[in-house]
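Residue numbers (our numbering): 87 to 439.
Don't be surprised by glycine CBs; every beta carbon is placed ideally from N, CA and C.
Remarks on the structure that follows.
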Ligand code: NAP
Ligand code: ZN
């Protein structure tokens, strides 16, 4: 075991502050990573504030961060895929039993044995819960360590392993392709990645936003059209016309209004994790045989596929790079939707904490 610096919250009401945390020494199949950048996901806020309640109670202290990019600092003797000096990434998953049927099908995210990067029981007993990427280093089984394409800017790569894969996975599952009309709801971390992926796949992309000030950015990021969702006339113009809609909104909102925009047998996939209930009318689904789905991050193989796709298409997240000391202000801004379009923490700043 060794001690490393981190930023942690000690209760739902406390700000994040420096904390020294234990990490395990690498086992045979482990990779020790010096963290360079860590993205700030809205889920980090939900967890820090214990907003998921009994569904996923928060164990304090919590070190958030599941959008990790870093350099391999050491490897165990059994590691074959990575070597010291490689640039790698770690997303939301750090462990699972490889013999479980979901893991065998490359869908580790559904495994009952999965270990999340933070706020999951630490099966190695290093601490009461796993600690995430707002820290100097992390030790992870090599299966969960991803290769990063060499041509991409690393601050913008970090968000790919949560915001990126969470948007990419349902877009691929629902077969988004050239010639289709695709809606993305919310221009935040997940939403702006959804726009980039749908555009790269050749779809006609419409971005729905509550923030008229984001119009120009949405077009720059890749949307063909922007709809201000608070304007009923703009919404009405798109009734019955979408093949697929990806909804990334982090708060309660009117899902029925978006379901009515799908054409018959179209799908709306919800990835935004509103902690409050959202009403869905049966009529919205039945009329037109529309479907409503959820989607949870993505498996490890699919995350690697997404990173390789990003390398090929030169896609990264648009980031505002911040010092770790700015994290509490970043949370305030993220809650107001005031970020273009992901905060990425330069973890070198932790040395001065
Ligand atoms: P984010 O950057 O804060 O983006 C969310 C966007 O939703 C905002 O930028 C805003 O876009 C819109 N929005 C916020 N409040 C709204 C409201 N009251 N009504 C309508 N629109 C609103 O958050 P994120 O990091 O992309 O995460 C989005 C959600 O996905 C979070 O709940 C997060 O926990 C969840 N998540 C889920 C998964 C998964 O596996 N399913 C993975 C990661 C994250 P506009 O200003 O454009 O309207
Ligand atoms: Zn996330």
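In the DSSP annotation of this structure, residue 389 is not part of any beta strand (DSSP E); the continuous alpha helix (DSSP H) holding it starts and ends at 386-399. A buried status is given to residue 153, since no fewer than 16 other beta-carbon atoms sit within 10 Å of its beta-carbon. For residue 311, DSSP records a beta bridge to 292. Placement of the Cβ of residue 129 at a distance of less than 6 Å from at least one heavy atom of ligand 2 is found.
For residue 109, the enclosing beta strand (DSSP E) has its first and last residue at 103-109. Distances between the C-beta of residue 248 and the heavy atoms of ligand 2 include at least one below 6 Å. About 23 Å separates the beta carbon of residue 162 from that of residue 192, a gap too long to meet the 8 Å contact definition. A Cβ-Cβ contact shorter than 7 Å links residue 345 with residue 370. By the C-beta criterion, the region 199-217 is judged to be in contact with the region 139-148, since at least 3 inter-stretch pairs fall below 8 Å.
The criterion of a C-beta distance shorter than 7 Å is satisfied by residue 275 and residue 249.
Annotated three-state conformation of residue 186 is coil, per DSSP. Residue 383 has its Cβ nearer than 6 Å to a heavy atom of ligand 1. For residue 252, the uninterrupted alpha helix (DSSP H) segment begins and ends at 249-259. Partner residues in the beta bridge of residue 377, as assigned by DSSP, are 353. In this structure, ligand 1 has no non-hydrogen atom nearer than 6 Å to the beta-carbon of residue 197. The beta carbon of residue 389 sits closer than 7 Å to those of 177, 232, 247 and 251, all from its chain and outside the five residues before and after it, given in chain order. For residue 281, the enclosing alpha helix (DSSP H) covers residues 275-286. Per DSSP, reduced to three states, the secondary structure at residue 437 is helical.
Counting C-beta pairs closer than 8 Å gives three or more between the region 311-324 and the region 275-295, which meets the contact rule. For the 7 Å CB-CB criterion, residue 280 and residue 332 form a contact.
Per DSSP, residue 242 is not a residue of any beta strand (DSSP E); the alpha helix (DSSP H) it occupies stretches across 240-243. Per DSSP, the beta-bridge partners of residue 202 are 179.
Taking every protein chain shown into account, the CB of residue 139 has fewer than 16 other CB atoms within 10 angstroms, so this residue is exposed. Cβ-Cβ distances below 7 Å link residue 111 to 87 and 88 in the same chain, with the five nearest sequence neighbours on each side left out; the list follows chain order. With the rule of 3 Cβ pairs closer than 8 Å, the region 262-278 counts as touching the region 300-310. One thing to note: residue 160 has its Cβ within 7 Å of the Cβ of residue 118. Here DSSP, grouped into helix, strand and coil, assigns residue 346 to coil. Nearest in C-alpha terms to residue 267, of all of 348, 213 and 98, is 348.
A heavy atom of ligand 1 is found nearer than 6 Å to the CB of residue 337. Residue 213 has no beta-bridge partner at all, per DSSP. Per DSSP, residue 370 is one residue of the alpha helix (DSSP H) stretching across 368-372. For the pair residue 286 and residue 261, the Cα-to-Cα distance works out to about 13 Å. Look at residue 418 here: in three-state DSSP terms it is helix.
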